[in-house]
Amino acid sequence: MTTDAVSTFEDSLAALEVDSVRTSADGFEDALSETVVEPAVGAPLPFDDLTLDGTTVETDPSPADLDAARTGVTAARMAIADTGSIAIRSTAAFDEPISLFAERHVAVLDADDVVEDVAAAFDQLGPWLADDRASAIVATGPSATADMGELVLGAHGPREVCVVIVDR
Amino acid sequence: MSADRDATAAHIRRLLRDEGPAVSENAGGFNRKRRAAVADLDDYDELTREARAIKEDAIERLPELLSELEASVEANGGTLYVADDAADANAYVADLVGADDTVVKSKSMTTEELDLNDALEDVGAEVFETDLGEFVIQVADESPSHIVGPAMHRSEEWIADLFAEEFEDRFDGDPPRTAQELTQFAREYLGEQIREADVGITGANFLIAESGTMALVTNEGNARKCAVTPDTHVAVTGVEKILPTVSDLRPFAELIARSATGQTLPGYLSLLTPPVETPTIDFEGDAVGSDDREFHLVLIDNGRLAMREDDDLRETLYCIRCGACANVCANFQQVGGHAFGGETYSGGIATGWETGVHGIDSAAEFNDLCTGCTRCIDACPVNIDIPRINTVVRDRINRGADPDGFDFLVEGLTPDNEPGGLPLDKRLFGNIETLARAGSALAPVSNWLADSRAVRFVLDRAVGIDRRRDLPTFQRRTLRAWAADREGLNSSETDREAVLYPDVYTNHVNVERGKAAVRTLEALGVAVTVPDVGESGRAPLSQGMVETARSNARSTADVLLDHVDAGRDVVVIEPSDLAAFRRDYADLLATDEDADRLAANSYDVLEYVYGLLENGAESAVLSGADDADGIAYHGHCQARTLGVDRYATAVLERLDYDVLTSTVECCGMAGSFGYKSAYYELSVAVGEDLVAEFTTDDATGRTVVASGTSCLDQLDELLHRDPVHPIELIAPTRAE
Ligand code: SF4
Chain A
38 MTTDAVSTFE DSLAALEVDS VRTSADGFED ALSETVVEPA VGAPLPFDDL
88 TLDGTTVETD PSPADLDAAR TGVTAARMAI ADTGSIAIRS TAAFDEPISL
138 FAERHVAVLD ADDVVEDVAA AFDQLGPWLA DDRASAIVAT GPSATADMGE
188 LVLGAHGPRE VCVVIVDR
Chain B
38 MSADRDATAA HIRRLLRDEG PAVSENAGGF NRKRRAAVAD LDDYDELTRE
88 ARAIKEDAIE RLPELLSELE ASVEANGGTL YVADDAADAN AYVADLVGAD
138 DTVVKSKSMT TEELDLNDAL EDVGAEVFET DLGEFVIQVA DESPSHIVGP
188 AMHRSEEWIA DLFAEEFEDR FDGDPPRTAQ ELTQFAREYL GEQIREADVG
238 ITGANFLIAE SGTMALVTNE GNARKCAVTP DTHVAVTGVE KILPTVSDLR
288 PFAELIARSA TGQTLPGYLS LLTPPVETPT IDFEGDAVGS DDREFHLVLI
338 DNGRLAMRED DDLRETLYCI RCGACANVCA NFQQVGGHAF GGETYSGGIA
388 TGWETGVHGI DSAAEFNDLC TGCTRCIDAC PVNIDIPRIN TVVRDRINRG
438 ADPDGFDFLV EGLTPDNEPG GLPLDKRLFG NIETLARAGS ALAPVSNWLA
488 DSRAVRFVLD RAVGIDRRRD LPTFQRRTLR AWAADREGLN SSETDREAVL
538 YPDVYTNHVN VERGKAAVRT LEALGVAVTV PDVGESGRAP LSQGMVETAR
588 SNARSTADVL LDHVDAGRDV VVIEPSDLAA FRRDYADLLA TDEDADRLAA
638 NSYDVLEYVY GLLENGAESA VLSGADDADG IAYHGHCQAR TLGVDRYATA
688 VLERLDYDVL TSTVECCGMA GSFGYKSAYY ELSVAVGEDL VAEFTTDDAT
738 GRTVVASGTS CLDQLDELLH RDPVHPIELI APTRAE
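Next up, the structure:
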């Protein structure tokens, strides 16, 4: 995607109080280690030149690991520039719960996967859902509630979200 | 009758005190955020039209979509069950749940409609609501007060006290107090239940026929946990939620969170195509579960298919339950869903839902709280004419009512087409023109009577007209009589002609206002006739007297259309009558052609003045401001929905007034509503919000201006600052 879309996306994230870092593939491991609070669990990344192997992130977590983790690392398979949203696909490697249970979610995003707006996002979601019969979460900002009074971040899901945007 | 009214008034009084403040803050806050979020979206109107069209098509094709969805769900490995009614649905779900099972639920109004929790507890299961708002009302054993924020009637402090008592042994003398601490506690407590749960139950906001996908709209993340952690997932929702394709979901995805809470997108838009790929997680055994998941989609009819066949209720099925119609509603903001709601649903659209799923008696309990102010029409993301549904249901309630002992009092007076048993207050206000005619003919005696304590006592007890309200003062000489005797600007002297519609109030009560309008239009070069024409139908319509409204509309349209054919424009002072011509007549008149023609040729009086000035008329003939006089302007609710309130502001500014406009949605008077003793205090409470805006430092010294009789009456009574209609303010000073 255009640099424009990525910088719009970064602005949208900032408005949602979501952190982001931008890195090259070479710098990925360093960028990741700066965003992860241990203990961390993760789902293997679907990008051929990026991996969590060799990092401190546990990619084959037991339920107890998941429960104890302070950070969950997953891929974001798409992002929406206008809204600061990221899409997480459900996988057999627990992407969905890993992005949800820990208080901090670190999403790894290929800069090429940023689309401009919701309409463009649906162009992608169509085949995911209708053809692959997959499941996906479009997450916008951290988990939140105002049910107990003022707005509180970190209801049932993560209180903090950080997106690592990788130029590959 | 009078005892019922007293009970209603007492119930409302209690809610105004106990629940109103929290509801007002929360619903008012959502409403402000919605307005901002919607204004932010360039193609908002286009999106709402798209969403509406998709819903219309989907409900039309429901049987076909239902079988397509069933095929998709089954191909994916799940089961779809269509339940006829609550008992059927509850039995099906209870069968999936074992006696000692822990069930975790995410928020679902549909399961509230079914009373599913009771049914599950009856088979021995333990049920936990995991949405934090639902959790609060489950612990407090209350019912939801709002379809999106079920606990919005409760404050942080109240919840803290509740938890401190209910979970005392968990706190070791140090219970959570702040929103942050309360949320943290609920997260941990419910997290334990989710980890142990055997069955997760969710609702579904939308279902996609082509893929078997369900869309869940949440902010907290609990629905994701409920759907994915246990190995059995049951989704319960209404049959009306089906959309054909994934791409049809897009406008709804863009609209729903904006309309509900003012967010651009919900925190989590979960698009689950179950059974999901995520393996189950067995926290207790610390084992990664299997991929052997069970998924049941339970769709309930419970009256919906009959609603689909009902021309007046069908629109309700397009509702996406965003709650905007409740948040925007001035009455709702004061009392919340425990007054403005039925067994399950609340807010304006609840009348449609309750009538359809629980029956008309449930709707009858609160239907009168809709004043027909129409602000919700603007707020609804699928353009549902919510007031129309309320009117139709009111008509059905009227027709089902038992004749009342006092009917003889007004029956002889009232030439309506309504059945015996229609409540007296409705009959009286619905026939306001007959009353006004008698009032003018008998003035000033009628006015002395209206001031008599004895008469007011009888009106209060027998008819329900609150003694604390001033009644209108009828003028002996009506506007029509004045105009007929007068030599005005002749049509041969000008090329623009108009008729000024003499609504009941202008003709009989606010005659000076009518004269000001005539003088203004003539000064701007328009020949004005005040035609001999009756009530528009708006008054009976507001009381749910649809047949009477239809017949008034027919006669009024006949007269006005003759004038239109003769090349005259129709100029209207009362915004509610303009709303009748521009919107209600589409339903009330036999042909669309007539309705369209009248709609296209009728104008709000300030809109008309604005047009004349834009076309070169000389503004110097009007009374402009000296030295930027300050105005505090409240636009009538109907004028705002029609989008014409802005012309008053534009004209006033053009005449150099310095205009401050109110932001509240409605003055609370809303025609007859504020006169009714059951609702007097509610009406005043709504009005106080407007008063607060007009008594700030900046507003206090300003002239109060409002564009409807109701608003002017309410402001006069609450503010005592001699409010005026904009036309009276700008009219040329009297030459005669
Ligand atoms: S009627 Fe419209 S505004 Fe009200 S809840 Fe339904 S969709 Fe929202």
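Residue numbers (this note's numbering), protein chains in the order written: chain A, 38 to 205; chain B, 38 to 773.
Just so it is clear, CB atoms sit at the ideal spot from N, CA and C, and this is done for glycine as well.
Values in this document were obtained by computation on a predicted structure and should not be read as measured data.
Between glycine 178 (chain A) and leucine 50 (chain A), the alpha-carbon positions lie close to 7 Å from each other.
DSSP lists no bridge partner for lysine 463 (chain B). Alanine 473 (chain B) and leucine 461 (chain B) have their C-alpha atoms some 16 Å from each other.
With at least 16 other beta carbons inside 10 angstroms of its own, proline 267 (chain B) counts as buried.
Lysine 142 (chain B) carries a strand assignment under DSSP once its states are collapsed to helix, strand and coil. The beta carbon of aspartate 726 (chain B) lies closer than 7 Å to those of Val701 in the same chain, with the five residues before and after it left out. Taking C-alpha positions only, threonine 282 (chain B) is separated from histidine 673 (chain B) by approximately 41 Å. Taking 8 Å as the threshold, the shortest C-beta distance from methionine 185 (chain A) to chain B falls below it. As summarised for the segment 625-675 of chain B, the continuous alpha helix (DSSP H) elements at least 4 residues long and confined to that stretch are 629-638, 642-651, given in chain order. As computed with DSSP, isoleucine 238 (chain B) is found in a beta bridge with B:Lys142, B:Val271. In the DSSP assignment, aspartate 606 (chain B) falls within the beta strand (DSSP E) that extends over 606-609. In the three-state scheme derived from DSSP, where H, G and I count as helix and E and B as strand, methionine 344 (chain B) is classed as helix.
Residue contact with chain A for lysine 262 (chain B): present (Cβ-Cβ distance below 8 Å to some residue of chain A). DSSP places glycine 501 (chain B) in the coil class of the three-state scheme, outside both helix and strand.
In this structure, the C-beta of alanine 361 (chain B) approaches the ligand SF4 to less than 7 Å from one of its heavy atoms.
With respect to alanine 297 (chain B), cysteine 356 (chain B) sits apart: the two C-beta atoms are not nearer than 8 Å. Your pair valine 140 (chain B) and leucine 151 (chain B) does not check out as a contact, with CB atoms roughly 14 Å apart and the cut at 8 Å. Looking from the CA of threonine 148 (chain B), the closest CA among B:Tyr694, B:Val160, B:Asn127, B:Glu163 belongs to B:Asn127. When rounded, the separation of the alpha-carbon atoms in arginine 620 (chain B) and proline 424 (chain B) is 11 Å. Taking asparagine 364 (chain B) as the centre and dropping the five residues before and after it, the same chain places the C-beta of Ala64, Phe67, Asn68, Arg71 closer than 7 Å to its C-beta, in chain order. Near chain B, meaning a CB-to-CB distance below 9 Å, the residues of the segment 162-175 of chain A are Leu162, Gly163, Pro164, Trp165, Leu166, Ala167, Asp168, Asp169, Arg170, Ala171, Ser172, Ala173, Ile174, Val175.
Scanning its chain for C-beta atoms nearer than 6 Å, with the 5 sequence neighbours on each side dropped, one finds around arginine 506 (chain B) the residues Tyr712, in chain order. Using a C-beta cut-off of 8 Å, the segment 537-550 of chain B makes contact with the segment 599-611 of chain B, since at least three inter-stretch Cβ pairs fall below that distance. For glycine 661 (chain B), no chain A residue has a C-beta closer than 8 Å to its own C-beta; the minimum C-beta separation is roughly 44 Å.
By the Cβ neighbour-count rule, histidine 757 (chain B) is exposed, with fewer than 16 other Cβ atoms within 10 Å of its own. Contact of serine 44 (chain A) with chain B by beta-carbon distance below 7 Å is absent, the smallest such distance being about 18 Å.
The beta-carbon of arginine 224 (chain B) is placed less than 8 Å from the nearest beta-carbon of chain A. For valine 596 (chain B), no beta strand (DSSP E) run applies; the uninterrupted alpha helix (DSSP H) run containing it begins and ends at 583-602, by DSSP. Taking non-hydrogen atoms of the ligand SF4 into account, the C-beta of arginine 358 (chain B) is found less than 7 Å away from one of them.
In its chain, beyond the 5 residues on either side, Leu99, Leu103, Val119, Leu336, Ile337, Asp338, Arg341, Leu342 have a beta carbon closer than 8 Å to the beta carbon of valine 276 (chain B). Contact of aspartate 104 (chain A) with chain B by beta-carbon distance below 7 Å involves Phe320. For a cut-off of 8 Å, the C-beta gap from arginine 141 (chain A) to glutamate 197 (chain A) is around 5 Å, short enough to register as a contact. With a cutoff of 7 Å, proline 303 (chain B) does not count as near the ligand SF4, since its C-beta is closer than that to no heavy atom of the ligand.
Boundaries of the beta strand (DSSP E) harbouring valine 175 (chain A): 173-177, taken from the DSSP string. Residue-level contact check: serine 307 (chain B) touches chain A, since one or more beta carbons of chain A fall below 8 Å from its beta carbon.
Apart from the 5 residues on each side of it in sequence, tyrosine 645 (chain B) sits with its Cβ closer than 6 Å to the Cβ of Val608 in its chain, given in chain order.
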